[in-house]
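Step one of this worksheet: look at the structure below.
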Amino acid sequence: MSQAVVCNGMVFLAGQVADDTSQDVGGQTRQVLAAIDRLLAEAGSDKSRLLAAQIFLADMADFAAMNKVWEAWVIPGQTPARATVQAAMAGRTTGSRSSSPPRPPEAGRLEHASGKPGGQRRADLGTA
Amino acid sequence: MSQAVVCNGMVFLAGQVADDTSQDVGGQTRQVLAAIDRLLAEAGSDKSRLLAAQIFLADMADFAAMNKVWEAWVIPGQTPARATVQAAMAGRTTGSRSSSPPRPPEAGRLEHASGKPGGQRRADLGTA
Amino acid sequence: MSQAVVCNGMVFLAGQVADDTSQDVGGQTRQVLAAIDRLLAEAGSDKSRLLAAQIFLADMADFAAMNKVWEAWVIPGQTPARATVQAAMAGRTTGSRSSSPPRPPEAGRLEHASGKPGGQRRADLGTA
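Protein chains in written order, with the working numbering: chain A, 1 to 128; chain B, 1001 to 1128; chain C, 2001 to 2128.
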């Protein structure tokens, strides 16, 4: 599948998961965000132009640890519209014949504009 | 995070949850839809121009009660493409150190056009 | 609700589920993809121009069987950015008063460009 698709000046990213799932939720979140940074750069964009993000967490108890890394990553005033959902996401090993469980999902799906930041308006109404 | 991001004449909304979770699923749905109405109005749009919606329900058994309020809210012939999924969504208190469980998720994520309704085509093939 | 909404040269599809849930996951996946083919055709597009897809599986153990049908359906080099999540999705019977459980969700939500394929760029970085 495609990791990134560009259309109408927007980039659609595939769901990203951590490669090294031996790391804790903070480390896995950092891996995912680094993958997103790479994909955005290849598409000629960056995290200052995020439109929307979905985060799937296997366990909502990991929210605070994930969110801490997220907050350090996003650019204040340039944050995407986000939804965080408790659900497992398919990892790179999903579907293999091994008996290992699906990798913990730490990733999200991001759609963002590759246009100029000035072309976007944001409404920051809360911090939740 | 941003509650709404505008790009290419489209508005991307963050996941919305009920503030008062002591209300039943109908009441919580009404709260969420009222929040969406407010965000759309601030972005210069309204519910007659919805493109797509995702609804996350903690328990699919609440579908009928949620859907009744949804159906009363949407404008016939102007309804968005919708997907309803059973999963918990992070609420405003998620990540706090309190031991309370995540709030029941009644909300969705909506992307909609801020363009003129005439610029959209819809195919109504069912009521599900 | 609308099964497809068109805006800005993009088509937003509602979540699709199998009609005949007596079939196995492969058969249900085929039903869903056939429904998507129909909706895309009605909107003047096709699967060669998919932008993004979300797949909700009731059980991630069905990933391989779903993915086999998916891989046979997509056009190499024209695949969408995909995220596969383990969660139940509302079916056509959800909300009815019958005591039957929600249908197994095999469907996804697709957003795709109805523009020319040449207007898209794709980055294929993996096969996961």
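By construction, the Cβ of each residue, glycine as well, lies at the ideal position given by its N, Cα and C atoms.
All values derive from a computational prediction rather than experimental measurement.
Check                                                                                                                                                                                     : Outcome
Enumerate, from N- to C-terminal direction, the unbroken alpha helix (DSSP H) stretches of 4 or more residues contained entirely within the region 2025-2105 of chain C.                  : 2025-2042 and 2063-2073
What are the boundary residues of the beta strand (DSSP E) that includes residue 2010/C?                                                                                                  : 2010-2013
First and last residue of the beta strand (DSSP E) that includes residue 1006/B?                                                                                                          : 1004-1007
Could you tell me whether the Cβ of residue 30/A comes closer than 7 angstroms to any Cβ of chain B?                                                                                      : no
Are the CB atoms of residue 1057/B and residue 1086/B within a distance shorter than 7 angstroms?                                                                                         : yes
Can you tell me the Cα-Cα spacing of residue 2083/C and residue 5/A, whole angstroms?                                                                                                     : 13 angstroms
Does the Cβ of residue 41/A have 16 or more other Cβ atoms within 10 Å, making it buried, or fewer, making it exposed?                                                                    : exposed
Using the C-alpha atoms, what's the distance from residue 14/A back to residue 2121/C?                                                                                                    : 14 angstroms
Could you have a look at residue 1018/B and say whether DSSP puts it in helix, strand or coil?                                                                                            : coil
Hey, how far is the Cα of residue 1101/B from the Cα of residue 1059/B?                                                                                                                   : Model confidence at residue 1101/B stands at a pLDDT of 38, short of 50, so the residue's coordinates are unreliable and nothing is read from them.
Could you give the distance in angstroms between the alpha-carbon of residue 1047/B and the alpha-carbon of residue 81/A?                                                                 : 18 angstroms
Below 8 angstroms CB to CB, which residues in the same chain sit around residue 2007/C once its five sequence neighbours on both sides are set aside?                                     : none
Between residue 39/A and residue 1012/B, is the Cβ-Cβ spacing less than 7 angstroms?                                                                                                      : no
Under a Cβ-count criterion, where at least 16 other Cβ atoms within 10 Å of its own Cβ denotes burial, should residue 1036/B be classed as buried or exposed?                             : buried
Short of 7 angstroms in beta carbon distance, which residues of its chain neighbour residue 2030/C, apart from the five on each side in sequence? Order them along the chain.             : 2069
State the CB to CB distance for the pair residue 2016/C and residue 2032/C, rounded to an integer number of angstroms; the pair is presumed to be in contact (CB under 8 angstroms).      : 5 angstroms
In whole angstroms, what separates the C-alpha of residue 21/A from that of residue 2002/C?                                                                                               : 39 angstroms
Considering Cα atoms alone, identify which of 1010/B, 1089/B, 1064/B and 1090/B is closest to residue 1026/B.                                                                             : 1064/B
With 9 angstroms as the limit, tell me which residues of the region 1018-1047 of chain B have their beta carbon closer than that to any beta carbon of chain C; keep them in chain order. : none
What does residue 131/A touch in chain B if you count any residue whose Cβ is under 9 angstroms from its own?                                                                             : The first residue shown for chain A is 1 and the last is 128, placing residue 131/A beyond what the model contains.
Kindly say whether residue 1050/B, judged by its beta-carbon, lies nearer than 7 angstroms to any beta-carbon of chain A.                                                                 : no
Whole angstroms is fine: what's the gap from residue 1076/B's alpha carbon to residue 1049/B's?                                                                                           : 11 angstroms
What's the C-alpha gap between residue 2028/C and residue 28/A?                                                                                                                           : 33 angstroms
Is it buried or exposed, residue 1072/B, if we count other Cβ atoms within 10 angstroms and call 16 or more buried?                                                                       : exposed
Can you tell me whether residue 2099/C is buried or exposed? The criterion is at least 16 other CB atoms within 10 Å of its CB, across all chains shown.                                  : The predicted position of residue 2099/C is uncertain, since its pLDDT is 37 and thus under 50; no value can be drawn from it.
Nearest to residue 1061/B by alpha carbon, out of 2090/C, 2019/C, 2010/C and 2018/C?                                                                                                      : 2090/C
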